[in-house]
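Note that the sequence shown covers residues 0 to 137 in numbering that gives the first Met the number 0.
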Amino acid sequence: MDLFNAHLTSYLKELDKKQPRELYDPENYILSLGGKRIRPLLALIGCDLFDENPSHSLNAALSVELFHNFSLIHDDILDKAPLRRGMPTVHSKWNTDIAILSGDVMLVKAFDVLKNYEATKLSALLSLFAATSIEVCE
């Protein structure tokens with residue numbers, strides 16, 4: 000999990016350089032709130048069953064974490080939740096429009112970080128990720 004946390008930290012540092020800040024600060028905020036990170040851990044474990052090199056699974060784990068947090072932002076809006084992990088929700092701290100757009104960007108990025116996988120794995124990976132994403136929404 001230390002390897003994933005370092006990968007996430009690197010991702011957040013790159014995120015700090017992006018503009019417009021109103022779009023990317025909420026993403027950084029929710030990803031920095033912590034949590035148990037069970038979903039990326041499960042992705043790492045699953046990948047470990049089929050590949051000896053844990054670094055090969057880091058983007059898959061990051062994709063899962065981005066998707067999960069995107070869904071939390073949108074769920075908090077739907078529920079009108081004021082707090083997430085004891086802190087103001089994204090829509091409470093910024094506004095609903097910013098929260099929706101930031102969440103949407105996280106969803107797109109969840110797919111985008113998968114693009115560097117080998118073509119032989121990418122199609123199956125994208126199909127599984129898309130099907131799982133749809134199930135979450137259903």
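Using N, Cα and C, we set each Cβ at its ideal position, and we do this for glycine too. Computed from a predicted model, the values in this text were never measured in an experiment.
Element boundaries [alpha helix (DSSP H), containing residue i]
i, result
"E26", "R20 to S31"
"E137", "Careful: E137 lies outside any alpha helix (DSSP H) and carries neither H nor E."
"D1", "D1 to L14"
"D47", "I37 to D47"
Supposed contact pair residue j and residue i - C-beta distance, whole angstroms, cut 8 Å
i, j, result
"I72", "S101", "6 Å"
Whether residue i touches residue j by CB criterion (8 Å)
i, j, result
"H90", "L57", "no"
"G33", "R83", "no"
"L113", "L121", "yes"
"M0", "R36", "yes"
"D15", "N27", "yes"
Under the three-state DSSP convention, the category residue i falls into
i, result
"M146", "Residue 146 is absent from the model: the chain starts at 0 and stops at 137."
"L113", "coil"
"M105", "helix"
"P81", "coil"
"K92", "helix"
"E64", "helix"
"N58", "helix"
"K120", "helix"
Residues of its chain near residue i, where Cβ-Cβ distance is below 7 Å and the 5 sequence neighbours each way are ignored
i, result
"P25", "V89, W93, I97, A98 and S101"
"L106", "F66 and F69"
"K17", "Y23"
"Y10", "L61"
Close Cβ partners of residue i (< 8 Å) along its chain, the five nearest in sequence each way excluded
i, result
"S168", "The chain is shown only over 0 to 137; residue 168 falls outside these bounds and no answer can be derived."
"L41", "V63"
"L124", "A59, L113 and Y116"
"D103", "F69"
"P87", "P81"
heavy atom of the ligand COA below 7 Å from residue i C-beta
i, result
"E51", "By its list of ligands, the structure shown contains no ligand whatsoever, and the ligand COA lies outside what it can speak to."
Neighbourhood of residue i by C-beta, 6 Å cutoff - its chain only, sequence neighbours within 5 removed
i, result
"K108", "L65"
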